[in-house]
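Worksheet for the structure shown next.
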Amino acid sequence: MAYETLIVEVADHVALIRLNRPEALNALNSRLLSELATALKAADSNDRVRCIVLTGSEKAFAAGADIKEMSGKSFVDAFTGDLFGPDVEAMLRVRKPIIAAVSGYALGGGCELAMMCDFIIASDTARFGQPEINLGVVAGIGGTQRLTRFVGKSKSMDMHLTGRFMDAAEAERSGLVSRVVPAKKLLEEAMAAAQKIAEKSALTVMAVKEAVNRSYETPLREGLLFERRLFHALFATEDQKEGMSAFLEKREAQFRDR
Ligand code: CAA
1 MAYETLIVEV
11 ADHVALIRLN
21 RPEALNALNS
31 RLLSELATAL
41 KAADSNDRVR
51 CIVLTGSEKA
61 FAAGADIKEM
71 SGKSFVDAFT
81 GDLFGPDVEA
91 MLRVRKPIIA
101 AVSGYALGGG
111 CELAMMCDFI
121 IASDTARFGQ
131 PEINLGVVAG
141 IGGTQRLTRF
151 VGKSKSMDMH
161 LTGRFMDAAE
171 AERSGLVSRV
181 VPAKKLLEEA
191 MAAAQKIAEK
201 SALTVMAVKE
211 AVNRSYETPL
221 REGLLFERRL
231 FHALFATEDQ
241 KEGMSAFLEK
251 REAQFRDR
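With UniProt numbering, letter number 206 in the sequence shown gets 206, and the count goes up by one each step, no holes.
What follows is the structure, encoded as structure tokens:
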């Protein structure tokens with residue numbers, strides 16, 4: 001399918017989705033968000049895809065929600081149209097892992113989009129921020145909630161209240177990103193991580209994603225029980241037998257996703 005605001009390629013079991021509005025530093029307008037929801041859903045249901053990489057350009061992952069498009073909206077427009085609600089909910093339903101490969105600006109909705117992915121690999125040029133306060137609004141795609149869980153209350157408050165940007169080193173130090181790589185190697189590293197995930201049992205990968213995400217939704221005791229039951233359930237799979245036999249036989253596991 002051809003998109004106006006995205007470039008999508010599928011190769012070697014990985015769907016690479018690039019945000020492509022260079023004229024607006026990949027600002028998230030309604031067209032882009034709806035195309036992204038469609039592309040993610042398509043990748044999720046494509047049997048050839050086992051992992052998804054979401055990236056932007058070297059200058060910007062995304063500089064936020066599209067301010068030009070939003071500026072004239074009234075409360076009634078935003079509320080009755082459920083601004084950002086449906087597309088964001090659609091993204092959260094994706095069951096395959098999504099890696100955000102972030103270079104340059106990831107601001108406002110761009111930072112929030114990266115945080116909705118399963119983990120973030122950042123280039124050393126990445127800059128994260130929630131500068132909505134400068135526009136007279138608060139974050140609207142989860143920033144106040146997710147950034148706080150990632151970096152803690154103090155730093156989250158600092159970012160949201162001052163609108164300052166965080167560089168890649170600070171983002172790694174504070175747990176927002178999983179690793180920082182040189183800008184020139186960003187895509188290579190993200191694709192290598194995606195390939196590694198693609199080699200695992202898709203069944204187990206899905207279970208890991210559910211279990212880790214559950215830790216955000218439940219008290220610890222419930223999350224631990226959920227994890228333990230998933231762990232028990234996976235003993236019903238052929239991939240558990242194969243994975244453990246391969247270890248004992250000192251060979252590579254051949255997973256069959258069942
Ligand atoms: N929306 C719409 N257009 C944007 C944009 C945005 N969020 N960010 C950048 N652009 C556009 C600029 O208007 C400019 O377009 P023109 O050439 O037509 O004027 C083009 O992208 C290039 O931007 P700049 O000239 O500003 O580039 P720069 O290198 O000087 O500055 C920047 C880069 C610091 C990222 C700056 O563009 C900026 O501050 N952008 C806005 C960041 C922001 O406030 N993001 C939060 C948006 S609100 C939000 O996201 C709400 C939410 O939580 C859902």
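No residue lacks a Cβ here, since even glycine has one placed at the ideal position from N, Cα and C.
Please read these numbers as outputs of a predicted model, since none were measured by experiment.
What are the residues that DSSP puts in a beta bridge with residue i?
i: Thr55; result: Arg18 and Ala101
i: Asp167; result: Arg127
i: Leu6; result: Leu19
i: Leu161; result: According to DSSP, Leu161 bridges with nothing at all.
i: Arg179; result: Ile121
i: Ala11; result: Val14
i: Leu28; result: Ala65
Could you have a look at residue i and say whether DSSP puts it in helix, strand or coil?
i: Ala253; result: coil
i: Val137; result: coil
i: Leu83; result: coil
i: Ala63; result: coil
i: Val151; result: helix
i: Thr106; result: The sequence shown places Ala at residue 106, rather than the Thr named in the question. Strand.
i: Leu36; result: helix
i: Asn213; result: helix
i: Thr237; result: coil
i: Met1; result: coil
i: Ser156; result: helix
i: Gly223; result: helix
i: Asp47; result: coil
i: Ser245; result: helix
i: Lys41; result: helix
i: Arg173; result: helix
i: Thr218; result: coil
i: Lys196; result: helix
i: Val94; result: coil
i: Gly142; result: coil
i: Arg228; result: helix
i: Lys73; result: coil
Less than 6 Å between C-beta atoms, sequence neighbours within five positions excluded: which residues of the same chain meet that for residue i?
i: Leu186; result: Ala101, Ser103 and Ser123
i: Phe165; result: Arg127 and Gly129
i: Val8; result: Ile17 and Ala39
i: residue 268; result: With the chain covering only 1 through 258, there is no way to say anything about residue 268.
i: Lys59; result: Gly104
i: Ala168; result: Ala122, Asp124, Ala126 and Val180
i: Ser13; result: The question names Ser, yet the displayed sequence has His at residue 13. Cβ neighbours of His13 beyond the five flanking positions: Arg50 and Ala198.
i: Ala90; result: Ala37
i: residue 333; result: Nothing about residue 333 can be reported from this structure: the residues present for the chain run from 1 to 258 only.
Beta-carbon within less than 8 Å of residue i's beta-carbon, same chain only, minus the 5 sequence neighbours each way: which residues are those?
i: Leu6; result: Ile17, Arg18, Leu19, Asn20, Leu32, Glu35, Leu36 and Ala39
i: residue 260; result: Outside the displayed range of the chain (1 to 258) lies residue 260, so it cannot be described from this structure.
i: Ser174; result: Phe150, Val151, Gly152, Lys155 and Met166
i: Asn134; result: Gly163
i: Asn46; result: Val10 and Ala15
i: Asn26; result: Leu19, Asn20, Leu32, Gly56, Ser57, Ala60, Phe61, Ala62, Ala63 and Gly110
i: Leu92; result: Met116
i: Asp257; result: Ser201, Ala202, Leu203 and Asp239
i: Glu4; result: Arg31 and Glu35
Note down, in chain order, each residue of its chain lying with its Cβ closer than 7 Å to the Cβ of residue i, except the 5 sequence neighbours on either side.
i: Ala246; result: Glu252 and Ala253
Original post:
Is the number of C-beta pairs between the segment 75 to 84 and the segment 93 to 107 that are closer than 8 Å three or more?
Top reply: no
**OP:** Specify whether the segment 160 to 180 and the segment 79 to 90 touch according to this definition: at least 3 beta carbon pairs, one from each stretch, less than 8 Å apart.
**Re:** no
**OP:** Could you tell me whether the segment 184 to 203 touches the segment 228 to 246, where touching means 3 or more Cβ pairs closer than 8 Å?
**Re:** yes
Original post:
Is the segment 41 to 51 in contact with the segment 219 to 235, if contact means three or more CB pairs nearer than 8 Å?
Top reply: no
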